[in-house]
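Below: one structure, written as structure tokens.
Number of protein chains: 2
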Amino acid sequence: MLRLKAVAIDTYHENVAYLARSCPLYRAEDFLALSKIEVASSGRRILATLNIVDDTRVLAADELGLAQQSFRQLGLPEGAPVEITHASPPASLDHVRAKIAGATLSQSAYADIIRDVTANRYSKMEIAAFLIAAASFMTTEEVLSLTRAMAAVGTRLEWRDGIVVDKHCIGGIPGNRTSMIVVPIVAAHGLNIPKTSSRAITSPAGTADTMEVLARVDIGVDEMREIVGAEHGCLVWGGHVNLSPADDVLISVERPLAVDTREQMVASIMSKKLAAGSTHLLVDIPVGPTAKVRDRADAVRLRKLFEYIAGEVGLTIDVVFTDGSQPVGRGIGPVLEARDAVRVLENAADAPDDLRERALLLAGRILDFDPGLKGGRGVERARELLASGAALEKLRRIIAAQGPPPDGATLGAMTRDIVAERDGVVEAIDCHRLARVARLAGAPTDKGAGVDLFKKLGDPVAQGEPLYRIHAAFPADFRFATAMAGSASGYRIGARA
Amino acid sequence: MLRLKAVAIDTYHENVAYLARSCPLYRAEDFLALSKIEVASSGRRILATLNIVDDTRVLAADELGLAQQSFRQLGLPEGAPVEITHASPPASLDHVRAKIAGATLSQSAYADIIRDVTANRYSKMEIAAFLIAAASFMTTEEVLSLTRAMAAVGTRLEWRDGIVVDKHCIGGIPGNRTSMIVVPIVAAHGLNIPKTSSRAITSPAGTADTMEVLARVDIGVDEMREIVGAEHGCLVWGGHVNLSPADDVLISVERPLAVDTREQMVASIMSKKLAAGSTHLLVDIPVGPTAKVRDRADAVRLRKLFEYIAGEVGLTIDVVFTDGSQPVGRGIGPVLEARDAVRVLENAADAPDDLRERALLLAGRILDFDPGLKGGRGVERARELLASGAALEKLRRIIAAQGPPPDGATLGAMTRDIVAERDGVVEAIDCHRLARVARLAGAPTDKGAGVDLFKKLGDPVAQGEPLYRIHAAFPADFRFATAMAGSASGYRIGARA
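Structure, rendered in structure tokens:
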């Protein structure tokens, strides 16, 4: 038997095992071509991709090393005796092969695949094979099957009250932090809105990252239930609640590949809403030249897919198309976006108009779900709750209930202003590019890093006038971000009308 | 700047870089979601997948580690100052995304993809994305483009003589080592047959592994040319000649995924023949219930694809369908297969009939390429060269020219006989299963490991009578192989007629 060793390497959502080439018990090369081995001990077993080690300081000849995720998953102490065998590939890979060959898969096939993916039985190349095979075509029935399969492997929340509302934006627009305003408004009205949000993966800020500037967001199911019972709303990190563990694994491959199909996006979103126990859902689809959805025809197709899945799983849905032509508000990055949201709730004079109006529109459409409210009164009611300070008070109560944030996040002290190269009018702003600059500046790892916009579409600018300011806290990040912004600012300045 | 460190880990055809989580210059987490970084120094640069290290004994905070393949590729000494940046994905991934979306790709798109794959710019998940996207459909024009792209990145052999013949079997049938007999016959006749063969990747023996029992096979282009000049033939390892470096990388993903499309197989084979400078090619397609090709209709489709590509690249081709219902000869594994081939050439009384007749058929079809030979005389001529001992003498001369094998390979000393469970007649033999048993027994790493068959289709057997013998040299391998054979022998015994 080999002795188990924890290898302090983070392989990011892939199980990796290490075996010494000089191992006297197994010949490492025999395992290499098929890459995967099964590691077993005391009735526990995991599948892992094999790497071979040629340095006995890293791994002794009689040791079997496991990278961090796989070590945690096996759940045994270092030194435990382990055996390895040639891994049989997960049985559900047969379904993936059928999909590659053009088959339409059944509900149970998707359930098998998602169970194996969630249990880390797939290597990253196997996950890629599944995603790409499914990307070539999926019937709407298959999207439904995938949605149900993904919802089934995570935590399932249940709520006693009749109406549980939720909102979701498909993303892609920097600064679009409406949830921070919508949740307090809706909760102040008295509808239950237990909002779980994601942390940014490749974007500069998720709602969970932004809320974490103000309050703790790593909140479990029981505590979440308590907070919603008292305040009708919360803003917590969905990852901690474990609503869609399959999604975390799939995303670790989707993002690097930058393959983002409509079908997989809808299944991912709807599975989380199903798991979260929502009864009514508002979906925000920004449409614009650098947004995820670029034209109205595409937006309508996407809306119909959302509506079909919602109908089948028994969720009331409203889909709204919003302006996706430029970033929303002024800040991009957690601290800056939290600042914008709070200013709107404070009815501050310098609060960004576009963020306020957008949040009111969305909150109004959600309030229209309330059977007790007269039809079409939603936006008006939302405006009242914002103007009266009731929404701000509700955010304060939610913050108090969730508890203080982990550490004081302050705006990055290293700054650089990016200026206009000519006189004119802002004609276009590239959402991708600005998100990338903010990300390189350190957001969201550094909550205080990001980009603060001074000019929006239609604003007149003079040559040399600042368009936006980069904030960073870390020299390498500052260098990456300023280099990126320097090569192209992301702004197009047109002739003055 | 970080200091470069070689990390003694073999990641098998994937570039992997290691960065300490405590690195003061870069924040490792910022790079994690997109996985890939660019490592640059002195004008050299490589792309690598990032792993994060939490143990300063493995990697110091100011070091950048590279796994073996990536370290070799960067080509700088340890301690060299290196910088890292966020990697832009290889530009050719845009073509892959277009293919995923259903596009038909151009010749230049395939050339871009294959160049990047060969330069290790693709991660394994990116390679999987390409393979699966292409698996969903490829036009015959695309197969041709892929063939040309793969041939273009490797060594290109050129021969002065008019006719350069070659043979290729699509594989899948254990023991099918006809090349060891065909090459000496054809070379004895005087046609040039510079045979490059593969080593086994997931099968128990490749022709290169088997020839290596008798002679050195790691032979470069110049030496190969000399040997063929003197003897008209050789049997060398194609990997050493580097005919299709792209194939090596693609296979490292294809095999674990067990995705093997006709189109990609044909492109892989034909690119190597194109690179090898062959003018006439015989392709052997075994057809049988556990072979790669299971029925005649499928075989005909495959033949047509081979013929189309051959026509376009200007290669004369002959495709022959052979019996793929059971292993060929008796031995499975390099030493055992070399034994069978030599016995045939020696005209030994106990030489396996099926291997001899098959080799004569194939050699005869190749000799029919000779314009100097009367039409249809090929098989007869092959039989003469075998019976006269000319072929055996030619093999001896080729062995002498290639030089002695690296070390004496002897038959594995640990043996286990697998016996019939009932009286009857051998009705079916599962090629996959027997290949797997031989592989687990240690073949081809252990040249002397494998399976020696005592019974073939139609043979009568008595209960308890040995069907085959497992040979192994290593206890773990012996355990794996006997356990596999014990759970199902791979033989089906039917009632005696």
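From first to last, the protein sequence lines are chains A and B. Residues 187 to 683 in the numbering used here are what the first sequence lists, from first letter to last. Residues 187 to 683 in the numbering used here are what the second sequence lists, from first letter to last. From the three backbone atoms N, C-alpha and C, an ideal C-beta is built for every residue, glycine too.
Using three-state DSSP, classify F507(A) as helix, strand or coil.
Against the first sequence, residue 507(A) aligns to sequence position 321. The answer is strand: DSSP assigns F507(A) an E or B state.
Is F640(B) close to chain A? Criterion is C-beta to C-beta, closer than 8 Å.
For the purposes of this step, residue 640(B) is taken as residue 454 along the second sequence, with counting starting at 1. By this cut-off, F640(B) is not an interface position.
Just how far apart, CA to CA, sit D433(A) and M311(A)?
Your numbering for residue 433(A) matches position 247 in the first sequence. Your numbering for residue 311(A) matches position 125 in the first sequence. Spanning the two alpha carbons is a distance of roughly 16 Å.
Going by DSSP, name the residue or residues bridged to P646(B).
Taking the first residue of the second sequence as position 1, residue 646(B) is located at position 460. V611(B).
Rounded straight-line distance, which links the Cα of L291(B) to that of A284(B)
Here the question's residue 284(B) lines up with position 98 in the second sequence. Here the question's residue 291(B) lines up with position 105 in the second sequence. Straight-line Cα distance between these residues: approximately 8 Å.
CB-CB under 7 Å to L429(A), same chain, minus the five flanking residues each way: which ones, in chain order?
Position 243 of the first sequence, counted from the first residue, corresponds to residue 429(A). Taken in chain order, the residues that qualify are G340, T341, T382, K458, A461, A462.
How long is the line joining the alpha carbons of N362(B) and G510(B), rounded to whole angstroms?
Within the second sequence, numbered from 1, the residue matching residue 362(B) stands at position 176. Within the second sequence, numbered from 1, the residue matching residue 510(B) stands at position 324. Answer to the nearest angstrom: the Cα atoms are 10 Å apart.
What does a CB cutoff of less than 8 Å around I286(A) pick up in its chain, not counting 5 residues either side in sequence?
The residue labelled residue 286(A) in the question sits at position 100 within the first sequence. Cβ within range, chain order: A315, A319.
Coarse secondary structure for L205(A), derived from DSSP in three states:
Position 19 of the first sequence, counted from the first residue, corresponds to residue 205(A). Strand.
Would you kindly report the start and end of the unbroken beta strand (DSSP E) that includes V268(B)?
Residue 268(B) sits at position 82 when you count from the first residue of the second sequence. Note, V268(B): beta strand (DSSP E), 267 to 272.
Is the beta carbon of G358(A) closer than 8 Å to that of P513(A)?
On the first sequence, residue 513(A) is found 327 positions in, with the first residue counted as 1. On the first sequence, residue 358(A) is found 172 positions in, with the first residue counted as 1. Result no, Cβ atoms of P513(A) and G358(A) do not sit closer than 8 Å.
Determine, using beta carbons only, whether P390(B) comes closer than 8 Å to chain A.
Numbered from 1 along the second sequence, position 204 holds the residue referred to as residue 390(B). No, P390(B) lies away from the interface with chain A (no Cβ there is under 8 Å from its Cβ).
Starting from the N-terminal side, write out each stretch of the beta strand (DSSP E) that is 3 residues or longer and does not extend beyond the region 473 to 559 of chain B.
502 to 509
Nearest-angstrom Cα distance between I495(B) and S331(B)?
Indexing the second sequence from 1 puts residue 495(B) at position 309. Indexing the second sequence from 1 puts residue 331(B) at position 145. Each residue's alpha carbon lies about 10 Å from the other.
Can the beta-carbon of P591(A) be found less than 8 Å from the beta-carbon of A401(A)?
Residue numbering aside, residue 591(A) sits at position 405 when the first sequence is read from its first letter. Residue numbering aside, residue 401(A) sits at position 215 when the first sequence is read from its first letter. Yes.
Drop a sphere of 10 angstroms on the beta-carbon of R346(B), count the other beta-carbons inside from all chains shown, and report buried for 16 or more, exposed for fewer.
Working through the second sequence from its first residue, we reach residue 346(B) at position 160. By the 10 Å Cβ count, R346(B) comes out exposed.
Quick one: which chain B residues come within Cβ less than 8 Å of Y212(A)?
The count along the first sequence starts at 1 and reaches residue 212(A) at position 26. Ordered by position in chain B, the residues that pass the 8 Å Cβ test against Y212(A) are A662.
Would you be able to state if there are at least three C-beta pairs under 8 Å between the region 364 to 372 of chain A and the region 525 to 534 of chain A?
yes
Can you list, in chain order, the residues of its chain with a C-beta nearer than 7 Å to that of L603(B)? Leave out the 5 residues immediately preceding and following it.
Taking the second sequence and counting its residues from 1, the one referred to as residue 603(B) is at position 417. Looking at the sequence provided, one finds Asp at residue 603(B) rather than Leu. Answer for D603(B): P652, R655, listed in chain order.
If we cut at 8 Å on Cβ distances, does L626(B) have a partner in chain A?
Position 440 of the second sequence, counted from the first residue, corresponds to residue 626(B). Taking Cβ atoms only, chain A reaches closer than 8 Å to L626(B), which makes this a yes.
Between which two residues does the beta strand (DSSP E) carrying L250(A) extend?
The residue you call residue 250(A) lines up with position 64 of the first sequence. Start and end: 249 to 252.
Could one say the Cβ of V239(A) lies closer than 8 Å to chain B's Cβ atoms, at least one of them?
On the first sequence, residue 239(A) is found 53 positions in, with the first residue counted as 1. Chain B contact via Cβ: present.
Quick one: does P442(A) have its CB under 8 Å from some CB of chain B?
Working through the first sequence from its first residue, we reach residue 442(A) at position 256. Yes, contact with chain B.
Please list the residues of the region 213 to 234 of chain B that have a C-beta atom closer than 9 Å to any C-beta atom in chain A, keeping them in chain order.
R213, A214, E215, D216, L218, A219, L220, S221, K222
Which residue from F555(B), S675(B), K560(B), G558(B) puts its Cα closest to that of E613(B)?
Numbered from 1 along the second sequence, position 427 holds the residue referred to as residue 613(B). Selected option, being the one with the closest Cα: S675(B).
Anything in chain A within Cβ reach of Y677(B), meaning under 7 Å, just list it in chain order.
For this step, residue 677(B) is matched to residue 491 along the second sequence. Chain A residues near Y677(B): none, gap ~21 Å exceeds 7 Å.
Runs of 4 residues minimum, wholly inside the region 337 to 387 of chain A: which ones carry the alpha helix (DSSP H) assignment?
365 to 375
Using a Cβ distance threshold of 8 Å, determine whether the region 190 to 197 of chain B contacts the region 253 to 269 of chain B, with at least three qualifying pairs required.
yes
How about I299(B) and S322(B): do their beta carbons lie closer than 8 Å?
Walking along the second sequence from the start, residue 299(B) turns up at place 113. Walking along the second sequence from the start, residue 322(B) turns up at place 136. No, these two residues do not count as a Cβ contact at 8 Å.
For E215(B), three-class secondary structure by DSSP
For this step, residue 215(B) is matched to residue 29 along the second sequence. If DSSP states are grouped into helix, strand and coil, E215(B) belongs with the helices.
Length of the line joining the Cα atoms of H657(B) and A595(B):
For this step, residue 657(B) is matched to residue 471 along the second sequence. For this step, residue 595(B) is matched to residue 409 along the second sequence. Looking at the two C-alpha atoms, the distance is approximately 13 Å.
Among the residues of its own chain, which have a CB less than 7 Å from the CB of L439(A), if the five just before and after it don't count?
Position 253 of the first sequence, counted from the first residue, corresponds to residue 439(A). Correcting the residue identity first, residue 439(A) is Val in this sequence and not Leu. So the list reads K310, I313, A314, L317, once near-sequence residues are dropped.
As assigned by DSSP and simplified to three states, the class of L260(A)
What you label residue 260(A) is simply residue 74 of the first sequence in a count that begins at 1. Helix, per DSSP.
If you run the structure through DSSP and keep just helix, strand and coil, what is H281(A)?
Within the first sequence, numbered from 1, the residue matching residue 281(A) stands at position 95. H281(A): helix per DSSP, three-state reduction.
Look at the alpha carbon of R448(B) and the alpha carbon of D484(B), and state the distance between them as a whole number of angstroms.
Here residue 448(B) refers to the residue found at position 262 when the second sequence is read from its first residue. Here residue 484(B) refers to the residue found at position 298 when the second sequence is read from its first residue. Cα to Cα, the separation comes out at about 10 Å.
Can you tell me the Cβ-Cβ gap for V611(A) and I679(A), rounded? I've got them flagged as a contact below 8 Å.
By 1-based counting over the first sequence, the position of residue 611(A) is 425. By 1-based counting over the first sequence, the position of residue 679(A) is 493. The pair is a contact, with the Cβ atoms about 7 Å apart (cut-off 8 Å).
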